[in-house]
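J.: Numbering (my numbering), first residue to last: 3 to 263.
We treat Cβ as the ideally placed atom computed from N, Cα and C, and that holds for glycine.
Since we're looking at a predicted model, the values are computed, not measured.
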Ligand code: ADP
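Dropping the structure here:
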């Protein structure tokens, strides 16, 4: 594939929160697409057995024969798994339900925590950003993502119990940091599904900002109907509703991510 610009240092960002339904996949798909639209070369790795990022980009999970599972457990070559150009500037490593077995099968493998890191290592220099959409658990797949990532993006839903479980996630991060990946750190905390009309959302946003300070992205992702509809059309928000608030916010987030250097 012709590269139209010089790729700088590849940044591998894990999008992680062991709570489900906080906007991980939505952020993975739409941030990846917005970075691609901003002229970056991006690879999105779907590491969630539900495969929501895969279907959200219009890939029929029933039609594909190879997925991230084959990279982790079958040593299948990358070029047989990567689906190129799912959106401008964006390639995808898809997930299928096969991945659900990986959590158990990895246990007996050598260097099981390093599988994803070793796989993605050969792609450094080929992409500006590699985003990993993590599963909603702290199991071996997530540990693989923590080992493979340079930094983490943690989406937090502006709802009750927003910070619940985050301490546990930070503990896992610290454990992996001290043993397996010394430079691992938070890249940014992202407030998602924000409804500014409710007092609760405003309070949660305030609480998260006072807890995490400057680590919180200035961009807040609003709750919008279009963002929840886009996956059923298999399109990122920048294509489904390019002029709406959802596209605007993920485009602003992409800019912030690029500027955080
Ligand atoms: P996770 O990957 O953390 O499980 P998802 O990104 O799949 O979370 O989001 C959970 C649900 O909420 C999905 O149905 C998704 O379409 C919806 N959703 C996510 N972000 C937004 C948003 N900003 N506005 C409206 N709906 C959203």
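Between residue 187 and the rest of its own chain, which residues show a CB-CB distance below 6 Å, the 5 nearest in sequence each way excluded?
T.: Excluding positions up to five away in sequence, the list reads 153.
J.: Touching or not, the region 140-157 and the region 12-32, by the rule of three or more beta carbon pairs under 8 Å?
T.: As far as the Cβ criterion goes, the region 140-157 touches the region 12-32, which means the pair count is three or higher.
J.: Would you give the residue range spanned by the alpha helix (DSSP H) that residue 213 belongs to?
T.: 201-214 is the span of the alpha helix (DSSP H), which, as asked, contains residue 213.
J.: At a threshold of 7 Å, does residue 239 count as lining the ligand ADP (C-beta to nearest heavy atom)?
T.: No; taking the cut-off as 7 Å, the Cβ of residue 239 has no heavy atom of the ligand ADP nearer than that.
J.: Starting from the C-beta of residue 139, find all residues in its chain whose C-beta is less than 7 Å away, skip the five residues before and the five after it, and write them out in chain order.
T.: Cβ neighbours of residue 139 beyond the five flanking positions: 20.
J.: Just grab the DSSP bridge partners of residue 194 for me.
T.: Residue 194 is bridged to 159.
J.: So that I know if they touch, is there some Cβ in chain C lying closer than 8 Å to that of residue 83?
T.: Note that chain C does not occur in the displayed structure, where there is just one protein chain.
J.: Quick one: using the 10 Å Cβ neighbour count with 16 as the cut-off for buried, is residue 1 buried or exposed?
T.: The structure shown has nothing for residue 1, since the chain only spans 3 to 263.
J.: Taking residue 161 as the reference, which of 208, 182 and 131 has the closest Cα?
T.: Answer by Cα proximity: 208.
J.: DSSP three-state label for residue 144, please.
T.: Correct three-state label for residue 144: helix.
J.: Below 8 Å, can you find three or more Cβ-Cβ pairs linking the region 165-179 to the region 31-43?
T.: Contact fails: fewer than three Cβ-Cβ distances are below 8 Å.
J.: For a quick check, are the C-beta atoms of residue 189 and residue 262 less than 8 Å apart?
T.: Yes, Cβ-Cβ distance for residue 189 and residue 262 is below 8 Å.
J.: Does the Cβ-Cβ distance between residue 125 and residue 35 come in under 8 Å?
T.: Result no, Cβ atoms of residue 125 and residue 35 do not sit closer than 8 Å.
J.: For the alpha helix (DSSP H) holding residue 71, just list the boundary residues, first then last.
T.: Run containing residue 71: 70-75, per the alpha helix (DSSP H) assignment.
J.: For residue 106 and residue 71, I'd like the C-alpha separation in whole angstroms.
T.: Going by the C-alpha atoms only, they are around 12 Å apart.
J.: Could you check the C-alpha separation between residue 3 and residue 85 for me, to the nearest Å?
T.: In this predicted model, residue 3 has a pLDDT of only 48, less than 50, meaning its place in the structure is not dependable; the value taken from the coordinates is given anyway. Computed Cα separation, rounded: 12 Å.
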